[in-house]
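Engineer:
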Amino acid sequence: MLQLTNAKRSIAVLLGSVRRDRMGTRAADLVVRELRDRGHDVHLVDPLKLQLPLLDRMYKEHPAGEAPEKLESLAQLYRSVDGFLIVSAEYNHGIPPALKNLLDHFLEEYFWRPSGIVCYSAGGFGGVRAAMQLRMTLAELGMPSIPSILPIPRIAETIGEDGVASEITVRSMNRFLDEFLWYAGALAQARMDGTPY
1 MLQLTNAKRS IAVLLGSVRR DRMGTRAADL VVRELRDRGH DVHLVDPLKL QLPLLDRMYK
61 EHPAGEAPEK LESLAQLYRS VDGFLIVSAE YNHGIPPALK NLLDHFLEEY FWRPSGIVCY
121 SAGGFGGVRA AMQLRMTLAE LGMPSIPSIL PIPRIAETIG EDGVASEITV RSMNRFLDEF
181 LWYAGALAQA RMDGTPY
């Protein structure tokens, strides 16, 4: 049987919050560290550092060679990766506006690559209500999410300031990443054989 998860993959981790006291960095750092420990190339995309404007023109709407440098760099990165992990908070039962803005700047660059949803909240539901909305957006963008999600409830307690996560979170994360990497490998193989368009 082909072991797709053993190959080295390139993964973009998209952080979804820009709030001053955001906790998403803890979740993002956790999955980034695990993927790197497994030998994969990981690229953290942080909207707080990027400071993208509110969406006015998508990357593809700029004439060739005239897109802002930040968008051009992201487009090149997105075209090079095997999959996307989306780290989302839950704001009022929905996804953070910074995440939606980050996602909506691109389209074709996502195509034929899987996404995985890492969601979190201060409460007990772990951001799953936002994750359900996010699934629709990711599918429309051409990077449908894998069946499993990684919800992290009570994130301030579940992942400490030192980055140490609870045992159950680590177990859940490893199962989730195994599944995500399988899909990343399967679709990477399929892209080599061509895509429908």
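In the UniProt record's numbering, the protein residues as written are 1 to 197. Where is the CB? At the ideal position from N, CA and C, for every residue including glycine.
Leaving aside the five residues before and after Arg175 along the sequence, list all residues of the same chain whose C-beta is less than 8 Å from its C-beta, in chain order.
Structural biologist: For this step, residue 175 is matched to residue 175 along the sequence shown. Hits under 8 Å: Ser148.
Engineer: Measure the alpha-carbon distance for Glu167 versus Gly116 and round it to whole angstroms.
Structural biologist: Counting from 1 along the sequence shown, the entry for residue 167 is found at position 167. Counting from 1 along the sequence shown, the entry for residue 116 is found at position 116. Going by the C-alpha atoms only, they are around 21 Å apart.
Engineer: Could you tell me the distance, in whole angstroms, from the CA atom of Asp162 to the CA atom of Pro144?
Structural biologist: Mapped onto the sequence shown, residue 162 falls at position 162. Mapped onto the sequence shown, residue 144 falls at position 144. Cα-Cα distance, rounded: 32 Å.
Engineer: Whole angstroms is fine: what's the gap from Trp108's alpha carbon to Val42's?
Structural biologist: Position 108 of the sequence shown holds residue 108. Position 42 of the sequence shown holds residue 42. The sequence shown places Glu at residue 108, rather than the Trp named in the question. Each residue's alpha carbon lies about 21 Å from the other.
Engineer: At 3 residues or longer, what runs of the beta strand (DSSP E) sit wholly inside the region 57-126?
Structural biologist: 83-88 and 115-120
Engineer: Express the C-alpha separation of Pro63 and Ser172 in angstroms, rounding to a whole number.
Structural biologist: For this step, residue 172 is matched to residue 172 along the sequence shown. For this step, residue 63 is matched to residue 63 along the sequence shown. Whole-angstrom Cα-Cα distance: 44 Å.
Engineer: What does the alpha-carbon distance come out to for the pair Tyr183 and Asn92?
Structural biologist: Along the sequence shown, one-based indexing puts residue 183 at 183. Along the sequence shown, one-based indexing puts residue 92 at 92. Going from the Cα of Tyr183 to the Cα of Asn92 covers about 31 Å.
Engineer: Check whether the Cβ atoms of Ala98 and Gly16 lie closer than 8 Å to each other.
Structural biologist: Taking the sequence shown and counting its residues from 1, the one referred to as residue 98 is at position 98. Taking the sequence shown and counting its residues from 1, the one referred to as residue 16 is at position 16. The answer is yes: Cβ separation under 8 Å.
Engineer: Short check: CB of Val118 to CB of Leu141, under 8 Å?
Structural biologist: Counting from 1 along the sequence shown, the entry for residue 118 is found at position 118. Counting from 1 along the sequence shown, the entry for residue 141 is found at position 141. Their beta carbons are not under 8 Å apart, which means Val118 does not touch Leu141 by this criterion.
Engineer: One question on the structure: do Tyr78 and Ala12 come within less than 8 Å of each other, judged by their Cβ atoms?
Structural biologist: Looking up residue 78 in the sequence shown gives position 78. Looking up residue 12 in the sequence shown gives position 12. Cβ atoms of Tyr78 and Ala12: closer than 8 Å.
Engineer: Once the 5 residues before and after Arg135 are set aside, which same chain residues still bring their CB inside 6 Å of it?
Structural biologist: Working through the sequence shown from its first residue, we reach residue 135 at position 135. So the list reads Ser145, once near-sequence residues are dropped.
Engineer: Would you grab the beta carbon distance between Ala130 and Ile95 for me? Rounded to a whole angstrom, and I think it's under 8 Å.
Structural biologist: One-based indexing of the sequence shown puts residue 130 at position 130. One-based indexing of the sequence shown puts residue 95 at position 95. Correct: roughly 5 Å between the Cβ atoms.
Engineer: Quick check: the Cα distance between Arg113 and Gly160, rounded to an integer number of angstroms?
Structural biologist: The sequence position of residue 113 within the sequence shown is 113, counting from 1. The sequence position of residue 160 within the sequence shown is 160, counting from 1. Roughly 31 Å separates the two Cα atoms.
Engineer: Among Gly123, Val87 and Glu157, whose alpha-carbon lies nearest the alpha-carbon of residue 198?
Structural biologist: This structure gives no information on residue 198, because the portion of the chain shown stretches from 1 to 197.
Engineer: Can you list, in chain order, the residues of its chain with a C-beta nearer than 8 Å to that of Phe111? Leave out the 5 residues immediately preceding and following it.
Structural biologist: For this step, residue 111 is matched to residue 111 along the sequence shown. When the five nearest sequence neighbours on each side are left out, the beta carbons in the same chain lying within less than 8 Å of the beta carbon of Phe111 are those of Gly142, Met143 and Thr195, in order along the chain.
Engineer: Who are the near neighbours of Leu50 in its chain, counting only those whose CB is closer than 7 Å to its CB and skipping five residues on each side?
Structural biologist: As a working note, residue 50 is residue 50 in the sequence shown. If the five residues before and after Leu50 are omitted, its C-beta is found closer than 7 Å to the C-beta atoms of Lys70, all from its own chain and listed in chain order.
Engineer: By a C-beta neighbour count over all protein chains shown, 10 Å radius and 16 as the cutoff for buried, is Val31 buried or exposed?
Structural biologist: Counting from one through the sequence shown, the residue named residue 31 turns up at place 31. Burial call: buried.
Engineer: Quick check: the Cα distance between Ala7 and Gly185, rounded to an integer number of angstroms?
Structural biologist: Here the question's residue 7 lines up with position 7 in the sequence shown. Here the question's residue 185 lines up with position 185 in the sequence shown. It is roughly 8 Å from the alpha-carbon of Ala7 to the alpha-carbon of Gly185.
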